[in-house]
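Have a look at the structure below, then the notes.
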Amino acid sequence: MPGLLRGVARTAVVAGTATAVSNRVSRRQAGRWAQQEEQQAYQQQAYQQQQAYQQPPQQPVEPAPAAPPAADDMTQKIDQLKQLADLKAQGVLTDEEFEAQKRRLLG
Numbered sequence: 007m008p009g010l011l012r013g014v015a016r017t018a019v020v021a022g023t024a025t026a027v028s029n030r031v032s033r034r035q036a037g038r039w040a041q042q043e044e045q046q047a048y049q050q051q052a053y054q055q056q057q058a059y060q061q062p063p064q065q066p067v068e069p070a071p072a073a074p075p076a077a078d079d080m081t082q083k084i085d086q087l088k089q090l091a092d093l094k095a096q097g098v099l100t101d102e103e104f105e106a107q108k109r110r111l112l113g
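Per the working numbering, residue 7 is the first one in the sequence shown, and the count goes up by one each step.
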């Protein structure tokens, strides 16, 4: 029996040592990979910043078109006045309300 026990103990020591070494190698390799990823991320960020500085300036945005001519504005006011007159004729607006809205439009 002592020989069997010695063999089991030896196997346990060898297996434990192998596990410890394997774990250490794995941690070291993971650390190296993390360091490489950080370095690549830093290089990529530096490259992107460099490209951003080298890009030509963008063209200025075109200004908004000028306001429509006064004739269109007057046409809109006339249409609104006609609508107000129709509402007054239908009895929806009183004379005072019609005059107030007309003053606001022409105002």
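Just so it is clear, CB atoms sit at the ideal spot from N, CA and C, and this is done for glycine as well.
- By the neighbour-count criterion, in which 16 or more other beta carbons inside 10 Å mark a residue as buried, L90 falls on the buried side.
- The continuous alpha helix (DSSP H) containing L111 extends over residues D101 to L112.
- F104 is not a Cβ neighbour of K88, given a cutoff of 8 Å.
- Across the set A24, I84, Y48 and A47, the C-alpha of I84 shows the shortest separation from the C-alpha of L112.
- In the same chain as L99, and ignoring 5 residues on each side of it, the C-beta atoms closer than 8 Å to its own belong to L90, L93 and Q107, in chain order.
- Collapsing the DSSP output to three states places V14 in a helix.
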